[in-house]
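S.K.: Those sequence lines, one after another, are chains A and B.
Going letter by letter, the first sequence gives residues 1 to 270 in the numbering used here.
Going letter by letter, the second sequence gives residues 271 to 540 in the numbering used here.
2 protein chains.
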Amino acid sequence: MTGATGAPGADAVARDEGPAAIRAGRRIADPPSMVALAADALRRMIFDGELAPGERMVEYRLADQLAVSRPPVREALRLLEREGLVVQVPRRGASVRALSLQDVYEITTLRTDLETMAIRLGVPVQDERVLAPLAEATRILEVNARRGAEDSAVEDTIRFHRALVALAGHGRLDEAYHALSLQLWLLMAMNRRARSSTESLVERAQRHRALFDLVRAGDADAVLAALHDGSSLSMLRLVGPLISEDGSPAAHAWFERVRERGTTAPDAPV
Amino acid sequence: MTGATGAPGADAVARDEGPAAIRAGRRIADPPSMVALAADALRRMIFDGELAPGERMVEYRLADQLAVSRPPVREALRLLEREGLVVQVPRRGASVRALSLQDVYEITTLRTDLETMAIRLGVPVQDERVLAPLAEATRILEVNARRGAEDSAVEDTIRFHRALVALAGHGRLDEAYHALSLQLWLLMAMNRRARSSTESLVERAQRHRALFDLVRAGDADAVLAALHDGSSLSMLRLVGPLISEDGSPAAHAWFERVRERGTTAPDAPV
DNA sequence: TAGCCTGAGAGTGTCGACAATAGTCAAGAG
DNA sequence: CTCTTGACTATTGTCGACACTCTCAGGCTA
Chain A
1 MTGATGAPGA DAVARDEGPA AIRAGRRIAD PPSMVALAAD ALRRMIFDGE
51 LAPGERMVEY RLADQLAVSR PPVREALRLL EREGLVVQVP RRGASVRALS
101 LQDVYEITTL RTDLETMAIR LGVPVQDERV LAPLAEATRI LEVNARRGAE
151 DSAVEDTIRF HRALVALAGH GRLDEAYHAL SLQLWLLMAM NRRARSSTES
201 LVERAQRHRA LFDLVRAGDA DAVLAALHDG SSLSMLRLVG PLISEDGSPA
251 AHAWFERVRE RGTTAPDAPV
Chain B
271 MTGATGAPGA DAVARDEGPA AIRAGRRIAD PPSMVALAAD ALRRMIFDGE
321 LAPGERMVEY RLADQLAVSR PPVREALRLL EREGLVVQVP RRGASVRALS
371 LQDVYEITTL RTDLETMAIR LGVPVQDERV LAPLAEATRI LEVNARRGAE
421 DSAVEDTIRF HRALVALAGH GRLDEAYHAL SLQLWLLMAM NRRARSSTES
471 LVERAQRHRA LFDLVRAGDA DAVLAALHDG SSLSMLRLVG PLISEDGSPA
521 AHAWFERVRE RGTTAPDAPV
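1) Starting from the Cα of Gly-354 (chain B), find the closest Cα among B:Leu-450, B:Glu-530, B:Trp-524, B:Glu-376 and give me that residue.
2) Whether or not the segment 105 to 114 of chain A and the segment 248 to 262 of chain A are in contact is what I'm after, with contact meaning three or more pairs of Cβ atoms, one per stretch, closer than 8 Å; do they touch?
3) Ignoring anything shorter than 3 residues or poking outside the segment 111 to 167 of chain A, list the beta strand (DSSP E) runs there in chain order.
4) Kindly list the residues whose CB is nearer than 7 Å to the CB of Met-460 (chain B), restricted to its own chain and excluding five residues on each side of it in sequence; keep chain order.
5) Between Gly-295 (chain B) and chain A, is any beta-carbon pair separated by less than 8 Å?
6) Check each residue of the segment 68 to 80 of chain A: if its Cβ is closer than 9 Å to any Cβ of chain B, include it; give the result in chain order.
7) Is there contact between the segment 312 to 328 of chain B and the segment 349 to 364 of chain B, where contact requires at least three CB pairs shorter than 8 Å?
8) Can you give the Cα-Cα distance for Ala-176 (chain A) and Ala-475 (chain B), rounded to whole angstroms?
9) When the Cα atoms are used, what is the spatial distance from Asp-334 (chain B) to Val-343 (chain B)?
10) May I ask you to verify whether the segment 135 to 146 of chain A touches the segment 106 to 121 of chain A, counting CB pairs closer than 8 Å and requiring at least 3?
11) Against chain A, does Arg-527 (chain B) count as a neighbour if the rule is that its beta carbon must be under 8 Å from one of theirs?
12) Taking DSSP as the reference, what is the three-state secondary structure of Val-374 (chain B)?
13) Give me the residue from A:Leu-141, A:Leu-167, A:Pro-90 with the minimum Cα distance to Glu-128 (chain A).
14) Determine which residues of the segment 102 to 128 of chain A have a Cβ less than 9 Å from any Cβ of chain B, and write them out in chain order.
15) Less than 8 Å between the beta carbons of Ala-137 (chain A) and Phe-160 (chain A), yes or no?
16) Take Val-359 (chain B) as the anchor and find which of A:Ser-33, A:Ala-41, A:Leu-37, A:Ala-76 has the nearest alpha-carbon.
17) Which residues in chain B sit within 7 Å of His-228 (chain A), going by Cβ to Cβ distance?
18) So Gly-247 (chain A) contacts chain B; which residues on that side make the cut at Cβ distance below 9 Å?
19) Which residues, in chain order, does the segment 149 to 175 of chain A contribute to contact with chain B at a C-beta distance below 9 Å?
20) How about Leu-542 (chain B) and Leu-312 (chain B): are their beta carbons less than 8 Å apart?
21) For the putative contact between Leu-434 (chain B) and Ala-388 (chain B), defined by C-beta atoms under 8 Å, what is the C-beta separation to the nearest angstrom?
22) Taking 7 Å as the cut-off, is the beta-carbon of Glu-81 (chain A) closer than that to any non-hydrogen atom of the ligand GTP?
23) I want to see whether chain A comes within less than 8 Å of Ala-520 (chain B), judged by CB atoms only; does it?
24) Taking the alpha-carbon of Leu-173 (chain A) as reference, which of A:Arg-120, A:Pro-71, A:Ala-38, A:Leu-62 has the nearest alpha-carbon?
25) Residues in its own chain within less than 6 Å of Val-305 (chain B) by CB, not counting five upstream and five downstream?
26) Measure the beta-carbon distance from Val-123 (chain A) to Val-258 (chain A) and round it to whole angstroms, keeping in mind my assumption that it falls under 8 Å.
27) Mind checking Gly-169 (chain A): buried by the 16 CB within 10 Å criterion, or exposed?
28) Anything in the segment 85 to 97 of chain A with a Cβ closer than 9 Å to a Cβ of chain B? List those residues in chain order, please.
29) Along chain B, which residues have their Cβ under 8 Å away from the Cβ of Ser-33 (chain A)?
30) Whole angstroms are fine: how far does the CA of Asp-40 (chain A) sit from the CA of Ala-67 (chain A)?
31) How far does the beta strand (DSSP E) with Val-357 (chain B) in it reach, from first residue to last?
32) Measuring alpha carbon to alpha carbon, tell me which residue in A:Arg-44, A:Ala-38, A:Asp-48 is nearest Leu-301 (chain A).
33) Going by C-alpha to C-alpha distance, which of B:Gly-441, B:Glu-473, B:Ala-423, B:Ser-470 sits closest to Leu-454 (chain B)?
34) If you measure from the beta carbon of Arg-56 (chain A) to each beta carbon in chain B, is any gap under 8 Å?
35) Less than 8 Å between the CB atoms is what I'm expecting for Val-215 (chain A) and Leu-141 (chain A), so what's the real figure, rounded?
36) Please list the partners that Val-416 (chain B) has in chain A, where partner means a Cβ-to-Cβ separation under 9 Å.
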């Protein structure tokens, strides 16, 4: 064997029965993992602007700040990297992701595509119960709009769209869309000042209520049309002018086309 | 002596392309990260069948086997979890992912959708140079087909499709497709015995050569048609009967429909 | 004999510390 | 005065160890 380790039973134990029994364990209370806690805290710091895009995230400093040791912070950073909120370079550590025009292009196009796929898969909804999260998200959106809660607008909108995608019952789709949503959130956080120039909270809530009604009616095409004309565009018009520095030629061409045509829908309806 | 350390062979496909690492200047030599090494080794062990799906992956045992300590193994497991090859439950450790019918459904549908998006974005290729990786992948596919190299068939095919998706120049699309490809690889590894029942290596190489020619001709629709009728179906027909145990109703319905219609293309051409 | 309780064993979660490396700044030479 | 070179500092990569939790086997009781 490798190594003269004194590890007891390292080679004597080969009994690995019952690995599939792990599946069903639904625990009543999640064990408070320091990793998850640290990840939540870091996300909040990023979205609240405490950590600016491009700013370095020094491990031991964050560990000190969160009152944990470095390993949990380290793993939390890996998680955020997986979500696209953080970039890590091998020997130079992590930093908050700074989004460019290319990123806006990628996020928006992929987001539109995934949403389209989700609607096509899930919108003549088979089981009425899966509509519940979407209904709840719609309700929250309306309540907070009436309250004039500006600071929860992004979060509420994202929750709605995630619930929309979840209609498809497609785990990998959910996961991919989730990461994209977080990056979109980061994008909004980067440009908070310009947010007042878009539609009002009430208008947004009404638009999403209309979307929900279309979903319940089962009209997938109408949902897609409303999606393309509405949310993506408003988001784009918002952040577009602010990030006009760099980007690939394809991204620039796409951006100009969207600006002219006023929609993020694909070229031909096909 | 310890033969476990000298196994960093999986450098062909499992490359982690650093997105922002290029910015600070290219590095002449990759810093030998134990995490990347461990991840490569674990991937190889999974794809080679040394680690069976569902089998537990005990951290300290793997660390001993790879002659490193637990932290690198731990982070490597997080990476593999991100790639969908490993599942982790909070206090119970990691295990090789066991794919079900639902997973086949999700992987195939999402894969088809992402490929479609990539072709639509990238296929009238603007810059001739981006065709080079695809041409190289095609060449490798043909060479190995002539050599009768069965064991590299999956890897070669995946390389081709990744190069195909890369035509779009869309980083997030590449990343999502990459994870999906690895899971597809795992799926093929799970069902290696049945692989002989599909088309021959030469036939596959010819089909991909035809795809490459269509791409170079700039005919996106033809590429999409060939993709839907070909690769996805052969893969599906292969693994479908073997994993008929569980799955969501939507997955079952989709699977039956694909079996009847003989294609993974969406319902209506629209 | 079947079910509950208890104890030991195994394995992950977390921690502090050491070594290695990239970045920075100052001093000296041309 | 500018460029090179050296050391210093800050920060990451890696390690071994400890504590807590979960699992499972064995014994006890009804």
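The C-beta atom is built at its ideal place from N, Cα and C for all residues, glycine as well.
M.R.: If we stick to the structure as given:
1) Looking up residue 354 (chain B) in the second sequence gives position 84. Nearest option by C-alpha distance: B:Leu-450.
2) yes
3) none
4) Residue numbering aside, residue 460 (chain B) sits at position 190 when the second sequence is read from its first letter. Answer for Met-460 (chain B): Pro-323, Leu-369, listed in chain order.
5) Within the second sequence, the letter at position 25 stands for residue 295 (chain B). Its pLDDT being 37, under 50, Gly-295 (chain B) is placed unreliably in this model, and the value from its coordinates should be taken loosely. No, no contact with chain A.
6) Pro-71, Arg-74, Glu-75, Arg-78, Leu-79
7) yes
8) As a position in the first sequence, residue 176 (chain A) is number 176, starting the count at 1. As a position in the second sequence, residue 475 (chain B) is number 205, starting the count at 1. Looking at the two C-alpha atoms, the distance is approximately 31 Å.
9) As a working note, residue 334 (chain B) is residue 64 in the second sequence. As a working note, residue 343 (chain B) is residue 73 in the second sequence. One C-alpha to the other measures close to 10 Å.
10) no
11) The residue labelled residue 527 (chain B) in the question sits at position 257 within the second sequence. False, the Cβ-Cβ gap to chain A never drops below 8 Å.
12) Position 104 of the second sequence, counted from the first residue, corresponds to residue 374 (chain B). Helix.
13) On the first sequence, position 128 is the one that residue 128 (chain A) refers to. Selected option, being the one with the closest Cα: A:Leu-167.
14) Gln-102, Asp-103, Tyr-105, Glu-106, Ile-107, Thr-109, Leu-110, Asp-113, Leu-114, Thr-116, Met-117, Arg-120, Leu-121, Gly-122, Gln-126, Asp-127
15) Counted from its first residue, the first sequence places residue 137 (chain A) at position 137. Counted from its first residue, the first sequence places residue 160 (chain A) at position 160. A contact, by the Cβ cut-off of 8 Å.
16) Against the second sequence, residue 359 (chain B) aligns to sequence position 89. The option with the nearest alpha carbon to Val-359 (chain B) is A:Ser-33.
17) Taking the first sequence and counting its residues from 1, the one referred to as residue 228 (chain A) is at position 228. Within 7 Å Cβ-Cβ: nothing; His-228 (chain A) doesn't reach chain B, min ~15 Å.
18) Translated into the one-based positions of the first sequence, residue 247 (chain A) becomes position 247. Per Cβ cutoff of 9 Å: no residues; Gly-247 (chain A) is ~11 Å from chain B at best.
19) Ala-168, Gly-169, His-170, Gly-171, Arg-172, Leu-173, Glu-175
20) Since the first and last residues shown for chain B are 271 and 540, residue 542 (chain B) lies out of range.
21) Taking the first residue of the second sequence as position 1, residue 434 (chain B) is located at position 164. Taking the first residue of the second sequence as position 1, residue 388 (chain B) is located at position 118. Indeed they touch by this definition, with Cβ atoms about 7 Å apart.
22) Because no ligand of any kind appears in the structure shown, any question about the ligand GTP cannot be addressed here.
23) For this step, residue 520 (chain B) is matched to residue 250 along the second sequence. Interface residue, yes.
24) Position 173 of the first sequence, counting from 1, holds the residue named residue 173 (chain A). Nearest option by C-alpha distance: A:Arg-120.
25) One-based indexing of the second sequence puts residue 305 (chain B) at position 35. Correct list, in chain order: Pro-342, Glu-345, Ala-346.
26) By 1-based counting over the first sequence, the position of residue 123 (chain A) is 123. By 1-based counting over the first sequence, the position of residue 258 (chain A) is 258. The pair is not a contact, with the Cβ atoms about 24 Å apart (cut-off 8 Å).
27) Here residue 169 (chain A) is taken as the residue at index 169 of the first sequence, counted from 1. Classification of Gly-169 (chain A): buried, given that the 10 Å Cβ count is 16 or more.
28) Val-87, Gln-88, Val-89, Pro-90, Arg-91, Arg-92, Ser-95, Arg-97
29) Taking the first sequence and counting its residues from 1, one reaches residue 33 (chain A) at position 33. Within 8 Å Cβ-Cβ: Pro-360.
30) As a working note, residue 67 (chain A) is residue 67 in the first sequence. As a working note, residue 40 (chain A) is residue 40 in the first sequence. Using only the alpha carbons, I get a separation of about 14 Å.
31) As a working note, residue 357 (chain B) is residue 87 in the second sequence. That run of the beta strand (DSSP E) goes 356 to 359.
32) Residue numbering for chain A in the displayed model covers 1 to 270; residue 301 (chain A) lies beyond these limits and cannot be assessed.
33) One-based indexing of the second sequence puts residue 454 (chain B) at position 184. It is B:Ala-423 whose Cα lies nearest to the Cα of Leu-454 (chain B).
34) In the first sequence, counting from the first residue as 1, residue 56 (chain A) sits at position 56. Taking Cβ atoms only, chain B never reaches closer than 8 Å to Arg-56 (chain A), which makes this a no.
35) In the first sequence, the residue the question calls residue 215 (chain A) occupies position 215. In the first sequence, the residue the question calls residue 141 (chain A) occupies position 141. Not quite, the Cβ-Cβ distance comes to about 14 Å (not below 8 Å), so this is no contact.
36) The residue given as residue 416 (chain B) occupies position 146 in the second sequence. The sequence given here places Arg at residue 416 (chain B); Val does not occur at that position. Within chain A, no residue comes near Arg-416 (chain B); the closest Cβ sits about 36 Å away, beyond 9 Å.
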